Amino acid sequence: MSRSIVIAGSIAQRAGNGGHASVFLQWLLGFKQLGWRVLLIDRLEPEMCFDAAGQPAEFFDSENVRYFLRVLEQAGLQHEFALLYDGGRECLGRSRQELIAELKSADLLLNVMGFLTDATLLATARRRVFLDIDPGFSQMWHALELHDAFAGHDQFVTIGENLGQPNCTVPCCGLDWITTPQPIVLRQWPVVQPISDFAFTSVISWRGPFGPIDYLGQTYGLRVHEFRKFVELPRLTASTFRLAIDIDHSEVNDIRLLQDNGWQLESPGQVAADPATYRQYIQQSGAELMVAKNLYVKSRGGWFSDRSLTYLASGKPVLAQDTGFRQRYPCGQGLIAFSNLSEAVAGVAEIEQNYARHCQAARQIAERYFDSDKVLTNLVTKLGLD
-3 MSRSIVIAGS IAQRAGNGGH ASVFLQWLLG FKQLGWRVLL IDRLEPEMCF
47 DAAGQPAEFF DSENVRYFLR VLEQAGLQHE FALLYDGGRE CLGRSRQELI
97 AELKSADLLL NVMGFLTDAT LLATARRRVF LDIDPGFSQM WHALELHDAF
147 AGHDQFVTIG ENLGQPNCTV PCCGLDWITT PQPIVLRQWP VVQPISDFAF
197 TSVISWRGPF GPIDYLGQTY GLRVHEFRKF VELPRLTAST FRLAIDIDHS
247 EVNDIRLLQD NGWQLESPGQ VAADPATYRQ YIQQSGAELM VAKNLYVKSR
297 GGWFSDRSLT YLASGKPVLA QDTGFRQRYP CGQGLIAFSN LSEAVAGVAE
347 IEQNYARHCQ AARQIAERYF DSDKVLTNLV TKLGLD
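If you're matching positions, the sequence shown starts at -3 in the working numbering and goes up one per residue.
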């Protein structure tokens, strides 16, 4: 008998964000590739539903639902979902009764960032695993008694692979954390040669949905607080840098700062609106420049970007700000880590001067460390399900 997993995520809530959807697809398609039966649970509330113009809309008329169904159909998952609405009083895809039956029989509920909050559904699952893909936020909120996303779960998994290590300041909150890399389904991300217009690119949020956190006398900030440290990079190199950046129009000073320093700004809603266009944007790039959130850098939790995995798998070198991952993954070929502006400048030169070698090494890193078959098989073992 095949095993089954229910994964709770938030594709519908972030309509038009192809990179965000791609994160959940790697877990779903990765388990499916291993022969597991998969089911996605997502949820919407009335205040989350908007039409294509950004105006409030009814559930079935919303861009959220249209986007959600389109993404799952493109991924071949159009029959493997339950979309809860209005506190779970309505359900698209599986009925609530069918969903309860699936949860009762599933080997595992993987609740990403605690997105599923329905107490009845949580209690129905035989094994409830919290999956942390934003290491530091939930843990610090819990330690500060601001929010508890961990209640009701049996096991706890994080992609912050340094949690519990002496140099990591992310609190463990008295929980036994199982660490794992993020998976990448390699057949979904084949090696692609870049177009002739070589550029370092990335798809980023300038601030994101969460604010800075004050914890034990330290302030843990956002990507904006790190990116400003590297804003001169284009002027210090002869390279092209393009950012598909989610930044509010009111951030006029930062937008001007980026443009004055040579950053070419693009709208992620145009170049990465769904997983297909997101993949095309990455695979037409030359390499990635990854600047992390200040919380990830300062806490030394070892966070490594799911986006960087897509570049590596596509045979694109990654120049990434170190968050503590240097101690876990080989750096220097395919993946180059930097901690300051001078190291970033040197990394740009190294990638450009030895580009073919770095492209080959990038794919090799993805195959060795992040292949979904390996990552998820190891995680299943760590969870005691092998």
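Backbone N, C-alpha and C define an ideal beta-carbon position, used for all residues, glycine too.
The structure displayed is predicted, hence computed values, not measured ones.
For C355, the uninterrupted alpha helix (DSSP H) run begins and ends at Y351 to I361, by DSSP. Under the 8 Å Cβ criterion, the segment 111 to 125 does not count as touching the segment 186 to 203, having fewer than three qualifying pairs. Judged by DSSP secondary structure, L118 falls within the alpha helix (DSSP H) whose first and last residues are A115 to T120. Listed in chain order, the beta strand (DSSP E) elements of length 3 or more contained wholly in the segment 19 to 59 are 33 to 40. Here S368 is buried. Its C-beta has 16 or more other C-beta atoms within 10 Å. The segment 10 to 28 makes no contact with the segment 92 to 102: fewer than 3 CB pairs, one atom from each, lie closer than 8 Å. Contact between the segment 326 to 340 and the segment 130 to 146 is not established, with fewer than three Cβ pairs separated by less than 8 Å. For A345, the closest C-alpha among the options Y325, D172 and L285 is that of L285. As the crow flies, the alpha-carbon of I209 is around 38 Å from that of R90.
With a threshold of 16 other beta carbon atoms within 10 Å, G5 meets it and is buried. Per DSSP, R(-1) lies in no beta strand (DSSP E) and is assigned neither H nor E. Judged by their CB atoms, R303 and G15 are nearer to each other than the 8 Å cut-off. Secondary structure at Y325: coil, using DSSP grouped into helix, strand and coil. Under DSSP, the beta-bridge partners assigned to L261 are L239.
Listed as beta-bridge partners of G89 by DSSP are A78. Counting other Cβ atoms within 10 Å of its Cβ, K28 reaches 16 or more and is therefore classed as buried.
Judged by their CB atoms, L171 and L381 are not nearer to each other than the 8 Å cut-off.
For R224, there is no enclosing beta strand (DSSP E), as DSSP marks it with neither H nor E.
When the five nearest sequence neighbours on each side are left out, the beta carbons in the same chain lying within less than 6 Å of the beta carbon of H221 are those of N290, in order along the chain.
Linking P131 to V166 through their CA atoms gives a straight-line distance of about 7 Å. Cβ-Cβ distances below 6 Å link L112 to A4 and I37 in the same chain, with the five nearest sequence neighbours on each side left out; the list follows chain order. By the criterion of a C-beta distance shorter than 7 Å, A48 is surrounded in its chain by E59, once the five residues flanking it on both sides are discounted. Its Cα nearest to that of S295, the residue D318 stands out among Y307, Y274 and D318. The criterion of a C-beta distance shorter than 8 Å is satisfied by A358 and L308.
For the pair R123 and D150, the CB atoms are nearer than the 8 Å cut-off. For Q135, the closest alpha carbon among the candidates Y365, A102, G148 and L159 is that of L159. Within 10 angstroms of the beta-carbon of L24 lie 16 or more other beta-carbons, which makes it buried.
Cβ contact annotation for Q329 (same chain, cutoff 7 Å, sequence separation greater than five): R353, H354 and A357, in chain order. DSSP lists I209 as the bridge partner or partners of Y216. Per the Cβ contact rule, the segment 183 to 199 is in contact with the segment 270 to 280 (3 or more Cβ pairs under 8 Å). In the three-state reduction of the DSSP assignment, L112 falls in the coil class, being assigned neither a helical nor a strand state. In chain order, N257 and G258 place their CB closer than 8 Å to the CB of R231, counting only its own chain and leaving out the 5 sequence neighbours on each side. Residue burial annotation: P264 is buried, with at least 16 other C-beta atoms found within 10 angstroms of its C-beta. Rounded to the nearest angstrom, the Cβ distance from I347 to L315 is 6 Å, consistent with a contact under 8 Å. Burial is judged here by how many other beta carbons sit within 10 angstroms of a residue's own beta carbon; G50 has fewer than 16 and is exposed.
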